[in-house]
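Participant: The structure under discussion is supplied below as structure tokens; questions concerning it will follow.
2 protein chains.
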Amino acid sequence: MSKQKAIILLSGGLDSATALAIAKKQGYDCYSLSFNYGQRSQTELDAARKIATVNAVIEHKILDFNLGMFGGSALTDDEIEIPESLEEGIPVTYVPARNTIFLSLALGWAEVVDAKKIFLGVNSVDYSGYPDCRPEYIKAFQNMADLATKAGVEGHGVQIETPLIDLTKSEIIQQGIALGVDYGETVSCYQADGEGHACAICDSCRLRKKGFDDAGVEDPTRYQ
Amino acid sequence: MSKQKAIILLSGGLDSATALAIAKKQGYDCYSLSFNYGQRSQTELDAARKIATVNAVIEHKILDFNLGMFGGSALTDDEIEIPESLEEGIPVTYVPARNTIFLSLALGWAEVVDAKKIFLGVNSVDYSGYPDCRPEYIKAFQNMADLATKAGVEGHGVQIETPLIDLTKSEIIQQGIALGVDYGETVSCYQADGEGHACAICDSCRLRKKGFDDAGVEDPTRYQ
Numbered sequence: 002m003s004k005q006k007a008i009i010l011l012s013g014g015l016d017s018a019t020a021l022a023i024a025k026k027q028g029y030d031c032y033s034l035s036f037n038y039g040q041r042s043q044t045e046l047d048a049a050r051k052i053a054t055v056n057a058v059i060e061h062k063i064l065d066f067n068l069g070m071f072g073g074s075a076l077t078d079d080e081i082e083i084p085e086s087l088e089e090g091i092p093v094t095y096v097p098a099r100n101t102i103f104l105s106l107a108l109g110w111a112e113v114v115d116a117k118k119i120f121l122g123v124n125s126v127d128y129s130g131y132p133d134c135r136p137e138y139i140k141a142f143q144n145m146a147d148l149a150t151k152a153g154v155e156g157h158g159v160q161i162e163t164p165l166i167d168l169t170k171s172e173i174i175q176q177g178i179a180l181g182v183d184y185g186e187t188v189s190c191y192q193a194d195g196e197g198h199a200c201a202i203c204d205s206c207r208l209r210k211k212g213f214d215d216a217g218v219e220d221p222t223r224y225q
Numbered sequence: 002m003s004k005q006k007a008i009i010l011l012s013g014g015l016d017s018a019t020a021l022a023i024a025k026k027q028g029y030d031c032y033s034l035s036f037n038y039g040q041r042s043q044t045e046l047d048a049a050r051k052i053a054t055v056n057a058v059i060e061h062k063i064l065d066f067n068l069g070m071f072g073g074s075a076l077t078d079d080e081i082e083i084p085e086s087l088e089e090g091i092p093v094t095y096v097p098a099r100n101t102i103f104l105s106l107a108l109g110w111a112e113v114v115d116a117k118k119i120f121l122g123v124n125s126v127d128y129s130g131y132p133d134c135r136p137e138y139i140k141a142f143q144n145m146a147d148l149a150t151k152a153g154v155e156g157h158g159v160q161i162e163t164p165l166i167d168l169t170k171s172e173i174i175q176q177g178i179a180l181g182v183d184y185g186e187t188v189s190c191y192q193a194d195g196e197g198h199a200c201a202i203c204d205s206c207r208l209r210k211k212g213f214d215d216a217g218v219e220d221p222t223r224y225q
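Spelled out as structure tokens, the structure:
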């Protein structure tokens, strides 16, 4: 019997690398999907490619589209500064409808290759700020997906898996280490340099560093 | 008081041109969005541009992304033939997750410009075949969108409007004619030539022709 397939949304960051390791451990044939959507940091795409190769995915695709043409986020709009401290409420690094767009594109690919799962590395640290990382959002997306697709209508639609959603950053890191994830390859920084060196001061760097500290694991991040 | 804004998903076809005319009639400042997603027929994008100009939209954007890289549809995959007769069930021209992807991208732009509505020209003729044209799908997308975005979380999220959903093709045409839509500018054909001349034999051409016949309106379509 051939193995079941899973699409993994792979950003090149710590969380999605862990989600891929979990999907692989669960025995899926993995198809990884990254997006070149106009984000400032292109090195995360290099990281995603490396992580896909190391994990021997069946296929890694990078879809190009310029989400920056809509503007409105510090991650795609050069006129909005990346903040240097954790903000209250929804941060300016929020990209409008990003997870909805990414999951929708994954849904399309899942239907074509007949994947049974889509793995998304959202987690509890993120969802305090981003609305599209919360469990109730994921549930609503699943409900919509069940009605949206030929496979869903036929009763064998794809399931969204969010194995990290209830974990803290340090728990994610501990789980990833146990699965052999090399976090030195991952890039979380919102403004990494061309070689993937992290800034150490943006929200994402701070959350990541705290995760390694809390996990009692040496931080393998390459800083500038 | 400034007018409210609406995003209109504009394919260049008959339905979306009518949806735009309805949004304009309702008094919205209109922002039209088209996609260059790897569809065979590029002339529909030219048609969309013309329709946007004629209707004096505030802004018309065309987002490029290659949905064809996933394959799986006769509309983006050259290896799947466009059928010459109406099919039973879900047709091969179905593009996996297309409306979900398009609505998700519109949702992102809506949030950035603070649009209150997204107009989508789905209708009852289409939804007999495409799962993502049915009212229950639209309702589920709305529910998901309310949870997905900063605006939704803050209680002023965008509303999806489908003014054609309960209309037949002939009713849509009659409504459009009353609003002054020039259907000679629209392209519905799945395989129109470079000048926008329709094939007259694909599903989309047949449905359109029947619509004009049933409406008792002369068919302005430019055929090959």
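Chains as they are written, first to last, in my numbering: chain A, 2 to 225; chain B, 2 to 225.
Every residue gets a Cβ at the ideal spot worked out from N, C-alpha and C, and that includes glycine.
(1) Which of helix, strand or coil does DSSP assign to K4 of chain B?
(2) For a quick check, are the C-beta atoms of K26 of chain B and L180 of chain B less than 7 angstroms apart?
(3) What does a CB cutoff of less than 7 angstroms around D147 of chain A pick up in its chain, not counting 5 residues either side in sequence?
(4) Where do the N-terminal and C-terminal ends of the alpha helix (DSSP H) with L108 of chain A fall, by residue?
(5) Starting from K170 of chain B, trace the alpha helix (DSSP H) both ways and give me its first and last residue.
(6) What residues in the segment 31-53 of chain A bring their beta carbon closer than 7 angstroms to a beta carbon of chain B?
(7) So for I52 of chain A, helix, strand or coil by DSSP?
(8) Please state if the CB of F142 of chain B and the CB of W110 of chain A are separated by a distance shorter than 7 angstroms.
(9) By Cβ distance, which residues of its chain are closer than 7 angstroms to D16 of chain A, with the 5 residues on each side in sequence left out?
(10) Go through the segment 140-209 of chain A residue by residue and report every complete run of the beta strand (DSSP E) that reaches 3 residues or more, in order.
(11) Looking at the structure shown, is I23 of chain A part of a helix, part of a strand, or coil, going by DSSP?
(12) According to DSSP, is K211 of chain B part of a helix, a strand, or is it coil?
(13) How long is the line joining the alpha carbons of S171 of chain B and V188 of chain A, rounded to whole angstroms?
(14) On a Cα-Cα basis, can you pick out the residue from A:D30, A:R209, A:A216 that is closest to K118 of chain A?
(15) Which of the three DSSP states, helix, strand or coil, is assigned to Y138 of chain B?
(16) Using alpha carbons as the reference points, say which of B:Q5, B:T19, B:S3 lies closest to L168 of chain B.
(17) How is the beta strand (DSSP E) around I63 of chain A delimited, first residue to last?
(18) Output needed for T44 of chain B: all residues of its chain with C-beta closer than 8 angstroms, excluding positions within five of it in sequence on either side, in chain order.
(19) Using a beta-carbon distance below 7 angstroms, is V113 of chain B in contact with chain A?
(20) Hey, out of B:I9, B:V55, B:I59, B:L46, whose CA is closest to L104 of chain B's CA?
(21) On the three-state DSSP scale, how would you describe L68 of chain B?
(22) Just to make sure I have the definition right: I need the residues of chain B whose C-beta is within less than 7 angstroms of the C-beta of F71 of chain A. Which are they?
(23) Compare the C-beta of S12 of chain A with all C-beta atoms of chain B and state if any pair is closer than 7 angstroms.
(24) Could you name the residues of the segment 55-70 of chain B whose beta carbon sits closer than 8 angstroms to any beta carbon of chain A, in the order they occur along the chain?
(25) Taking the alpha-carbon positions, what's the A216 of chain B to Q175 of chain B distance?
(26) Which residues in the same chain as E186 of chain A place their Cβ atom closer than 8 angstroms to its Cβ, once the five residues preceding and following it in sequence are excluded?
(27) Is G212 of chain A buried or exposed, if buried means 16 or more other CB atoms sit within 10 Å of its CB?
(28) Can you tell me which residues form a DSSP beta bridge with K118 of chain B?
(29) With a threshold of 6 angstroms (Cβ to nearest heavy atom), would P132 of chain B be considered close to the ligand FAD?
(30) The beta strand (DSSP E) spanning S33 of chain A covers which residue range?
(31) Pick out whichever of B:T150, B:D133, B:D115 has its Cα sitting closest to the Cα of N144 of chain A.
(32) Are the C-beta of P97 of chain B and some C-beta of chain A separated by less than 7 angstroms?
(33) Report, in whole angstroms, the separation of the C-beta atoms of K4 of chain A and V114 of chain A, which I expect to be a contact under 8 angstroms.
Facilitator: The answer reads as follows:
(1) Residue 4 of chain B sits at position 3 when you count from the first residue of the second sequence. DSSP places K4 of chain B in coil when its eight states are reduced to three.
(2) Along the second sequence, one-based indexing puts residue 26 of chain B at 25. Along the second sequence, one-based indexing puts residue 180 of chain B at 179. Closer than 7 angstroms, so yes.
(3) In the first sequence, residue 147 of chain A corresponds to position 146, counting from 1. Excluding sequence neighbours, D147 of chain A sits near G153, G158.
(4) Counting from one through the first sequence, the residue named residue 108 of chain A turns up at place 107. Here the alpha helix (DSSP H) through L108 of chain A covers 99-114.
(5) One-based indexing of the second sequence puts residue 170 of chain B at position 169. Here the alpha helix (DSSP H) through K170 of chain B covers 170-179.
(6) none
(7) By one-based count along the first sequence, residue 52 of chain A stands at place 51. If DSSP states are grouped into helix, strand and coil, I52 of chain A belongs with the helices.
(8) One-based indexing of the first sequence puts residue 110 of chain A at position 109. One-based indexing of the second sequence puts residue 142 of chain B at position 141. The answer is no: Cβ separation not under 7 angstroms.
(9) Reading the first sequence from its first residue, position 15 is the one you call residue 16 of chain A. G122, N124, L165, I173, listed in sequence order.
(10) 160-162
(11) Stepping through the first sequence from its first residue, residue 23 of chain A is reached at position 22. Note: I23 of chain A maps to helix in three-state DSSP.
(12) Position 210 of the second sequence, counted from the start, is the residue given in the question as residue 211 of chain B. Looking at K211 of chain B - three-state DSSP - the assignment turns out to be helix.
(13) Numbered from 1 along the second sequence, position 170 holds the residue referred to as residue 171 of chain B. Numbered from 1 along the first sequence, position 187 holds the residue referred to as residue 188 of chain A. Between S171 of chain B and V188 of chain A, the C-alpha separation is close to 54 angstroms.
(14) Position 117 of the first sequence, counted from the first residue, corresponds to residue 118 of chain A. Selected option, being the one with the closest Cα: A:D30.
(15) Here residue 138 of chain B is taken as the residue at index 137 of the second sequence, counted from 1. If DSSP states are grouped into helix, strand and coil, Y138 of chain B belongs with the helices.
(16) Counting from 1 along the second sequence, the entry for residue 168 of chain B is found at position 167. The shortest C-alpha separation from L168 of chain B is found at B:T19.
(17) Indexing the first sequence from 1 puts residue 63 of chain A at position 62. Per DSSP, I63 of chain A belongs to the beta strand (DSSP E) from 60-65.
(18) Mapped onto the second sequence, residue 44 of chain B falls at position 43. These residues qualify, in order along the chain: G13, V188, A193, D194, G195, E196, G197.
(19) The residue you call residue 113 of chain B lines up with position 112 of the second sequence. Chain A, which has a Cβ nearer than 7 angstroms to the Cβ of V113 of chain B, makes this yes.
(20) On the second sequence, position 103 is the one that residue 104 of chain B refers to. With distances taken between Cα atoms, L104 of chain B lies closest to B:I9.
(21) In the second sequence, the residue the question calls residue 68 of chain B occupies position 67. Helix, per DSSP.
(22) As a first step, residue 71 of chain A is located in the first sequence; it is residue number 70 there, counting from the start. By Cβ distance, chain B contributes G109, W110, V113.
(23) Numbered from 1 along the first sequence, position 11 holds the residue referred to as residue 12 of chain A. It does not: the Cβ of S12 of chain A has no partner Cβ on chain B nearer than 7 angstroms.
(24) K62, L64, D65, F66, N67, L68, M70
(25) The residue you call residue 216 of chain B lines up with position 215 of the second sequence. The residue you call residue 175 of chain B lines up with position 174 of the second sequence. Distance between the alpha carbons of A216 of chain B and Q175 of chain B: 6 angstroms.
(26) Numbered from 1 along the first sequence, position 185 holds the residue referred to as residue 186 of chain A. Here the set comprises A18, A48, K51, I52, V55.
(27) Residue 212 of chain A sits at position 211 when you count from the first residue of the first sequence. That one is buried.
(28) On the second sequence, position 117 is the one that residue 118 of chain B refers to. The partner list for K118 of chain B (beta bridge, DSSP) reads B:A7, B:Q160.
(29) Summarising the ligand content, the structure contains no ligands, and the ligand FAD is consequently not present.
(30) By one-based count along the first sequence, residue 33 of chain A stands at place 32. Start and end: 30-37.
(31) The sequence position of residue 144 of chain A within the first sequence is 143, counting from 1. Among B:T150, B:D133, B:D115, the Cα nearest to that of N144 of chain A is on B:D133.
(32) Position 96 of the second sequence, counted from the start, is the residue given in the question as residue 97 of chain B. So, interface residue.
(33) Taking the first residue of the first sequence as 1, we reach residue 4 of chain A at position 3. Taking the first residue of the first sequence as 1, we reach residue 114 of chain A at position 113. Incorrect: roughly 12 angstroms between the Cβ atoms, too far for contact.
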